[in-house]
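Numbering (the working numbering), first residue to last: 7 to 199.
Virtual Cβ for every residue (Gly too), placed ideally from N, Cα, C.
Treat the numbers as computed from the prediction; the structure is a model and nothing was measured.
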C-alpha cells in the first residue's frame with residue numbers, strides 16, 4: 007500500500023481484509039495507524055457493495071491511509087485510496103458512497119470512455135460542466151463527476167430534487183444521454199431476500 011505523503015511504496019504493518027462478493031474477492035488494505043482498522047474496512051466494503059457490479063469488479067483493492075487527505079485513484083492499478091479522517095467526515099455527511107462511486111468511476115469508466123471520440127464530441131456539444139471541479143479538470147474529472155448524476159437519474163429517478171434533475175439535464179444533456187446509454191445495462195447492487 008503506497009503512501010504518497012511519506013513516499014513509501016509499502017507501509018509496514020498494514021492490515022489486509024478480504025471482502026468476498028459472489029463474483030469477486032476484493033482486498034481492503036488499512037494503514038496500521040488508523041484508529042479502528044476493521045471498522046474502516048467494513049465501512050469501505052459497505053460502500054463498495056453498493057456500486058454497480060460492472061464498476062465494482064474493475065476494482066482490485068482499496069487502500070485506507072491514516073490522517074486526512076483527498077481521495078485518489080490509480081486506474082491502471084485498479085484501486086483507490088481513502089483517508090481515515092476523510093471517511094469520518096463523509097460518513098457524518100452521509101456521502102461516502104458518492105466518494106467511492108466517484109473514485110471507482112475513474113478506475114472503471116475513465117479507461118473505457120475518456121479517449122472515445124463520442125465522449126469528446128458530447129463534451130464539446132454541451133460546452134458546460136456539472137461541477138466546477140469537472141470544469142477545472144475536464145480531462146480527468148468530468149466522467150467521474152458526471153457519471154454519478156447519470157447513474158442516479160437512470161437507476162434512481164426521483165431521488166434528486168426535481169430542480170436538480172432539471173439542472174443536470176440542461177447543463178450536460180449530451181453527456182448525460184451518452185452516460186445513461188453506457189450505464190443503463192450496468193447491474194445495480196442487490197441483496198438476497
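By the C-beta criterion, the stretch 123-131 is judged not to be in contact with the stretch 154-166, since fewer than 3 inter-stretch pairs fall below 8 Å.
Membership of residue 24 in the beta strand (DSSP E) is indicated by the continuous run 21-27.
Distance from the Cα of residue 52 is smallest, within the candidate group 163, 105, 17 and 8, for 105.
Assigned with DSSP and collapsed to three states, residue 14 falls in strand. Taking a C-beta distance under 8 Å as the contact criterion, residue 70 and residue 37 qualify as a contact pair. Residue burial annotation: residue 57 is buried, with at least 16 other C-beta atoms found within 10 angstroms of its C-beta. Residue 181 sits in a helix when the DSSP states are folded into three classes.
Distance check between residue 19 and each of 27, 7 and 30 places 7 closest, using alpha-carbon atoms only. As DSSP reads the structure, residue 67 sits in a beta bridge with 33 and 85. Looking at the DSSP output, residue 79 sits in a beta bridge with 86. Comparing alpha carbon positions, the residue from 92, 55 and 164 closest to residue 72 is 92. The stretch 76-83 makes no contact with the stretch 23-36; the number of CB pairs closer than 8 Å stays below 3. At a Cβ-Cβ threshold of 8 Å, residue 178 and residue 149 do not count as neighbours. Proximity to residue 108 across 171, 140, 163 and 44 peaks at 140, based on C-alpha coordinates. Across the structure, residue 95 and residue 116 are spaced so that their CA atoms are roughly 26 Å apart.
Annotation for residue 139: the continuous alpha helix (DSSP H) segment containing it runs 138-142.
The three-state reading of DSSP puts residue 9 in strand, counting E and B together. Annotation for residue 51: the continuous alpha helix (DSSP H) segment containing it runs 43-55. Closest in C-alpha terms to residue 110, from the list 99, 189, 86 and 184, comes 86. Burial check for residue 48: the Cβ neighbour count within 10 Å stays below 16, so the residue is exposed.
If you compare the alpha carbons of 171, 144 and 11 with that of residue 75, the shortest gap goes to 11.
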